[in-house]
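Take the sequence shown: its position 213, counted from the start at 1, is 213 in full-length UniProt numbering, and no numbers get skipped. Each residue gets a CB set at the ideal place from its N, CA and C atoms; glycine is no exception. Predicted, not measured: the structure shown is a model, and the values here were computed from it. First the structure, in the form of structure tokens, and then the observations on it.
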Amino acid sequence: MSHRYNMIRGYGNEQQFLLPVNAMDWLSENDITYGILEILSILDISPFINKYRDDGRGSAFFDPRSMLGIIIYSMIRGEKSSRKIEMCCHYDIGYRIVANNLTPDHTTIYRFKKNNSKEIKSLFKQLSQIIVESGIARIGVLALDGSKFGCNASLSANKKLKYLEAELGRLFDESQEIDELENDDINIQDMEINRLPEHLSTKEKRKEVLNRAKEKLIERHDIESKKQEEKILDREKEELESGKKKRGRKPLEPKKEPSSDSKVNLTDPESQIMSTTNGWIQGYNGQIIVSENQFILAAMISDEQNDKKLLIPMLNELEDLFTGIHPSISPNILLSDAGYFSYPNSLAELDYGIQLIIPPSKERKIPEYSDNDGYISRMEMICRAICMGEIITFPELQSIGTFVWQSFMNREKQATTQEICKRVMEVRVKSPTGRELYRKRKYMVEPVFGNMKHNMRFRSFSQKGKENCEGEFFLAALVHNIKKLIRFEGIVKIKEFATNIIKPSRGSGFSYIFANTVCKVGIDTCRFIHQLVYFG
Numbered sequence: 001m002s003h004r005y006n007m008i009r010g011y012g013n014e015q016q017f018l019l020p021v022n023a024m025d026w027l028s029e030n031d032i033t034y035g036i037l038e039i040l041s042i043l044d045i046s047p048f049i050n051k052y053r054d055d056g057r058g059s060a061f062f063d064p065r066s067m068l069g070i071i072i073y074s075m076i077r078g079e080k081s082s083r084k085i086e087m088c089c090h091y092d093i094g095y096r097i098v099a100n101n102l103t104p105d106h107t108t109i110y111r112f113k114k115n116n117s118k119e120i121k122s123l124f125k126q127l128s129q130i131i132v133e134s135g136i137a138r139i140g141v142l143a144l145d146g147s148k149f150g151c152n153a154s155l156s157a158n159k160k161l162k163y164l165e166a167e168l169g170r171l172f173d174e175s176q177e178i179d180e181l182e183n184d185d186i187n188i189q190d191m192e193i194n195r196l197p198e199h200l201s202t203k204e205k206r207k208e209v210l211n212r213a214k215e216k217l218i219e220r221h222d223i224e225s226k227k228q229e230e231k232i233l234d235r236e237k238e239e240l241e242s243g244k245k246k247r248g249r250k251p252l253e254p255k256k257e258p259s260s261d262s263k264v265n266l267t268d269p270e271s272q273i274m275s276t277t278n279g280w281i282q283g284y285n286g287q288i289i290v291s292e293n294q295f296i297l298a299a300m301i302s303d304e305q306n307d308k309k310l311l312i313p314m315l316n317e318l319e320d321l322f323t324g325i326h327p328s329i330s331p332n333i334l335l336s337d338a339g340y341f342s343y344p345n346s347l348a349e350l351d352y353g354i355q356l357i358i359p360p361s362k363e364r365k366i367p368e369y370s371d372n373d374g375y376i377s378r379m380e381m382i383c384r385a386i387c388m389g390e391i392i393t394f395p396e397l398q399s400i401g402t403f404v405w406q407s408f409m410n411r412e413k414q415a416t417t418q419e420i421c422k423r424v425m426e427v428r429v430k431s432p433t434g435r436e437l438y439r440k441r442k443y444m445v446e447p448v449f450g451n452m453k454h455n456m457r458f459r460s461f462s463q464k465g466k467e468n469c470e471g472e473f474f475l476a477a478l479v480h481n482i483k484k485l486i487r488f489e490g491i492v493k494i495k496e497f498a499t500n501i502i503k504p505s506r507g508s509g510f511s512y513i514f515a516n517t518v519c520k521v522g523i524d525t526c527r528f529i530h531q532l533v534y535f536g
């Protein structure tokens with residue numbers, strides 16, 4: 001009886017080659033690897049090359065474009081292990097294409113990431129500027145948010161100051177004992193039973209680690225003491241101006257020395273204990289500003305747990321990005337959650353020329369928009385117009401001035417500038433326009449962190465030290481922007497822009513210059529309203 005078999009899929013061992021001769025043709029045309037190569041071909045990588053010797057001495061180094069391609073592609077794939085990346089460079093087609101068939105070992109890959117933190121930050125800024133100037137990023141409305149990232153250090157490595165001082169004293173006593181033993185010609189090699197890590201292998205190195213941790217603790221104490229002194233001076237100034245004592249408990253005088261219970265992490269002294277929804281972690285606070293179509297324009301990490309203190313630094317990063325870009329290209333509005341609200345932060349919009357929409361509290365706790373709130377909106381518009389040198393009619397100024405008097409001044413205790421600032425922000429958030437704008441924040445910035453932590457599996461840093469961790473964070477931001485460009489076919493626009501780019505000088509930054517002149521009619525009312533709203 002004859003048997004009939006289906007065709008067996010496969011090929012014999014004698015078949016010599018099934019793939020194209022050119023490795024660049026091994027994957028489909030729309031594969032992300034080709035997008036990475038095209039973007040890297042546009043960017044200027046001279047800062048990476050300039051770090052190497054140019055006199056012809058020393059061994060050859062790997063092409064920085066290939067190394068960047070490897071670490072970018074590995075982050076897109078969610079792979080963090082340098083050893084696994086090394087293996088993939090041998091066996092994975094995607095890695096071989098972005099690496100141009102180079103096979104660096106895991107040590108080379110790790111050192112490249114560690115030693116080029118500043119260059120990676122510069123590369124991120126370079127791509128962000130191109131995205132903005134080419135018109136790919138919609139920058140009219142921006143959003144700011146932060147998220148906590150773990151670091152390569154354990155919570156159990158946090159030690160109190162009294163422990164550091166005791167340990168330093170013990171090491172000093174031990175070193176004296178060893179000196180005495182050496183003088184007595186006693187072999188001390190048998191005293192070391194267990195091997196310690198390289199950075200802790202000797203008492204001198206352990207002492208150096210402890211001293212570095214203690215210095216960081218003292219540095220933090222000095223910063224906190226300075227802030228406390230500023231609070232005391234501000235309170236005294238307010239009491240002097242008002243002629244009345246301010247309510248509430250007076251800030252305590254800062255201590256001259258840090259408390260013995262103050263803690264610092266021995267593994268990564270620059271990191272901090274951070275509170276998250278899943279508990280406590282040792283890490284950093286990552287901050288980003290994104291465009292309306294989710295491109296990251298500015299980023300930074302901080303050991304500051306409170307977002308309130310990070311608005312001004314992020315505005316500085318944003319201003320730094322727009323330095324060198326044409327003045328006509330500038331953002332109008334910045335959205336952020338209630339964690340960033342404070343009176344000094346509200347004043348920042350006058351210096352940076354960008355309108356802030358920051359709810360003073362959770363959105364559900366803010367009163368609904370009423371008819372009287374229209375006066376506050378109009379009052380703010382008038383103040384902006386006056387600052388820009390426009391002339392406002394006296395009847396309009398008079399009606400707004402009457403509203404300000406009745407709402408904030410004609411009562412037993414006049415409203416403070418902080419109260420008025422809070423009320424103006426509440427109206428901004430709850431006004432029909434403000435409500436529509438603030439709704440955008442959730443789908444602008446929060447999915448970006450979701451992409452980082454879930455798709456790219458970037459939840460913690462693999463290196464130690466703020467500078468190295470910052471390099472990793474900027475690499476993640478760079479990879480996110482590259483993925484967005486490839487997905488939305490922005491490479492063509494970037495290539496066209498890169499060939500025709502002429503960068504004009506920006507001058508003194510993108511802050512608006514507010515005119516000091518006001519209309520002569522009703523000048524007292526103008527100044528009065530301006531002082532109330534803009535606290536100037």
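When every heavy atom of the ligand ADP is checked, does at least one fall within less than 7 Å of the C-beta of residue i?
| i | result |
| --- | --- |
| residue 344 | Judged by which ligands are present, the structure shown has none, so any question about the ligand ADP falls away. |
Identify the continuous alpha helix (DSSP H) that holds residue i and give its terminal residues.
| i | result |
| --- | --- |
| residue 94 | 93 to 98 |
| residue 265 | Where residue 265 is concerned, there is no enclosing alpha helix (DSSP H), although the beta strand (DSSP E) it sits in stretches over 263 to 265. |
| residue 324 | Element bounds for residue 324: n/a, residue is neither H nor E. |
| residue 46 | 46 to 49 |
| residue 476 | 466 to 487 |
| residue 33 | 32 to 42 |
| residue 52 | Segment: none, residue 52 is in no alpha helix (DSSP H) and carries neither H nor E. |
| residue 453 | Neither: residue 453 is in no alpha helix (DSSP H) and is coded neither H nor E. |
Starting from residue i, follow the beta strand (DSSP E) in both directions and report where the run begins and ends.
| i | result |
| --- | --- |
| residue 285 | 279 to 290 |
| residue 142 | 141 to 150 |
| residue 158 | 158 to 160 |
| residue 129 | Per DSSP, residue 129 belongs to no beta strand (DSSP E); it is in the alpha helix (DSSP H), 117 to 133. |
| residue 276 | 272 to 276 |
| residue 418 | Element bounds for residue 418: not the beta strand (DSSP E) but the alpha helix (DSSP H), 417 to 430. |
| residue 59 | Element bounds for residue 59: n/a, residue is neither H nor E. |
| residue 300 | 296 to 302 |
By the 10 Å Cβ neighbour count, where 16 or more other Cβ atoms means buried, how is residue i classified, buried or exposed?
| i | result |
| --- | --- |
| residue 538 | Because the chain in this structure spans residues 1 to 536, residue 538 falls outside the shown range and cannot be described. |
| residue 487 | exposed |
| residue 67 | buried |
| residue 93 | exposed |
| residue 33 | buried |
| residue 53 | exposed |
| residue 299 | buried |
| residue 483 | buried |
| residue 406 | exposed |
| residue 128 | buried |
| residue 340 | buried |
| residue 57 | exposed |
| residue 137 | buried |
By how many angstroms is the C-alpha of residue j removed from the C-alpha of residue i?
| i | j | result |
| --- | --- | --- |
| residue 35 | residue 263 | 46 Å |
| residue 192 | residue 301 | Note that residue 192 has pLDDT 45, beneath the 50 cutoff, so the model's placement of it is unreliable and no number is given. |
| residue 540 | residue 423 | Outside the shown range of the chain, which is 1 to 536, sits residue 540, and nothing can be said about it. |
| residue 363 | residue 270 | 34 Å |
| residue 324 | residue 20 | 45 Å |
| residue 104 | residue 140 | 43 Å |
| residue 49 | residue 321 | 23 Å |
| residue 470 | residue 361 | 30 Å |
| residue 503 | residue 326 | Because residue 503 sits at a pLDDT of 38, beneath the cut-off of 50, its placement in the model cannot be relied upon, and the point is left open. |
| residue 479 | residue 233 | 45 Å |
| residue 135 | residue 412 | 53 Å |
| residue 267 | residue 464 | 8 Å |
| residue 309 | residue 303 | 11 Å |
| residue 285 | residue 466 | 11 Å |
| residue 111 | residue 59 | 16 Å |
Between residue i and chain B, is any beta-carbon pair separated by less than 8 Å?
| i | result |
| --- | --- |
| residue 141 | Here there is only one protein chain, and chain B is not present. |
Practice task
Report yes or no: do the region 327 to 338 and the region 369 to 388 share at least 3 C-beta pairs separated by less than 8 Å?
Solution key: Verdict: no, contact absent.
Exercise for the section: Indicate whether the contact test is met: 3 or more Cβ pairs, each with one atom in the region 98 to 109 and one in the region 441 to 456, closer than 8 Å. Expected result: Counting Cβ pairs under 8 Å, fewer than three are found: no touch.
Practice task
Report yes or no: do the region 75 to 95 and the region 449 to 468 share at least 3 C-beta pairs separated by less than 8 Å?
Solution key: Result yes; three or more Cβ-Cβ pairs closer than 8 Å.
Practice task
Please determine if the region 466 to 477 and the region 116 to 128 are in contact, where contact requires at least 3 C-beta pairs separated by less than 8 Å.
Solution key: By the Cβ rule, the region 466 to 477 counts as touching the region 116 to 128, because three or more pairs are nearer than 8 Å.
Handout entry: Contained alpha helix (DSSP H) runs [length at least 4] in the region 306 to 378, N- to C-terminal order
Key = Correct list: 311 to 322, 343 to 352.
Practice task
Evaluate the contact criterion for the region 150 to 162 versus the region 278 to 298: three or more CB pairs, one atom per stretch, below 8 Å.
Solution key: With a cut-off of 8 Å on Cβ pairs, the region 150 to 162 is in contact with the region 278 to 298, counting three or more such pairs.
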